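Let me begin by presenting the structure, written as structure tokens, before commenting on it.
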Amino acid sequence: MGTEPPTAEPVIRPMTAQDVPAAFQLERRLFPHDAWPERFFYDELAQAEPTVAAHRATRAYWVAEDGDQLLGYAGMMCVLPLADVQTLAVAPEAQGRGLGSRLLKLIEHQSQLKGAQDLLLEVRADNPRAQQLYLRTGFEQIHLRRAYYPDGGDALIMRKRLSAPPPRVGPIGSDRGDTP
Ligand SMILES: CC(C)(COP(=O)(O)OP(=O)(O)OC[C@H]1O[C@@H](n2cnc3c(N)ncnc32)[C@H](O)[C@@H]1OP(=O)(O)O)[C@@H](O)C(=O)NCCC(=O)NCCS
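Every letter in the sequence shown is one number past the one before it in the UniProt record's numbering, and letter 155, counting from 1, is 155.
Laid out in structure tokens, this is it:
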């Protein structure tokens with residue numbers, strides 16, 4: 001136990017304030033040069049359900065866990081018409097098993113439900129692993145921001161165009177089916 005890689009399919013659920021210390025620990029491991037301060041997580045969660053009502057929530061965050069071990073987390077922002085991947089992180093010992101893809105899919109799905117037209121993200125130019133994941137899942141590079149990161153690293157801005165969720169079927173002659 002302890003050093004064994006996790007074997008069961010990790011559970012993904014919404015992030016709560018109780019998860020922040022563990023998420024911050026992982027954040028510092030994965031982003032040693034530009035880790036978010038811990039309070040960023042609390043600030044982000046303050047704009048997510050259930051702290052704010054669903055229709056006012058501009059953020060959504062999830063954690064992936066195996067038992068009490070936090071293996072990853074992801075967060076998004078949606079201010080229509082755009083959604084943004086705020087963060088995506090998988091613990092080194094859990095990488096390469098599809099967890100990053102699952103978290104990214106969840107962000108994409110939630111963005112579609114919220115009605116976003118595009119999903120945007122920025123990724124370090126020197127992070128080919130993450131770029132591969134994004135390219136494989138349909139993102140394209142639309143900009144390069146030079147010296148975007150505090151250490152002088154460049155950022156690629158990537159975008160995925162989202163299709164609208166299927167319209168709700170209503171009786172003939174009813175409204176368009178997409179009103180709240
Ligand atoms: C980028 C990151 C989130 C990807 O997470 P992940 O869980 O490793 O992602 P996935 O497993 O879904 O996909 C990654 C690779 O594993 C492979 N993979 C997916 N499922 C697999 C499986 N069941 N068995 C073997 N390999 C698998 C994928 O083909 C992919 O390969 P490639 O990208 O090398 O071509 C993770 O590497 C990470 O947290 N990195 C550090 C933080 C970071 O850079 N975050 C992104 C900031 S923009």
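Each residue gets a CB set at the ideal place from its N, CA and C atoms; glycine is no exception. Note that the structure is predicted; figures quoted are calculated from it, not measured.
Separation of K114 from H55, as counted between CA atoms: Approximately 9 Å between the Cα atoms of the pair.
Of the listed residues L71, R59, A35, D43, nearest to I12 (C-alpha basis): If we check each option's Cα against that of I12, L71 comes out closest.
Buried or exposed (CB count within 10 angstroms, at least 16 for buried), V79: exposed
Beta-carbon gap between A125 and L156 smaller than 8 Å: yes
heavy atom of ligand 1 below 7 Å from L99 C-beta: yes
Per-residue DSSP class, three states only, for G100: helix
Counted within 10 angstroms of its Cβ, other Cβ atoms place I107 as buried (16 or more) or exposed: Under this definition I107 is a buried residue.
Contact check, L88 vs L120, beta carbons under 8 Å: Pairing L88 with L120 gives a Cβ-Cβ distance that is not under 8 Å.
Collapsed DSSP secondary structure at P81 in the structure displayed: coil
Distance cut-off 7 Å: L121 Cβ against heavy atoms of ligand 1: Correct: L121 has its Cβ closer than 7 Å to ligand 1.
Spatial neighbours of M77 in its chain, beta-carbon cut-off 6 Å, leaving aside the 5 residues before and after: T58, R59, D84, Q86
For Q141, the first and last residue of its enclosing beta strand (DSSP E): Per DSSP, the unbroken beta strand (DSSP E) holding Q141 starts and ends at 140-145.
Residue nearest to Q92 in terms of C-alpha spacing, selected from Q132, R28, D19: Inspection of the sequence shows that residue 92 is occupied by Pro rather than by Gln. The option with the nearest alpha carbon to P92 is R28.
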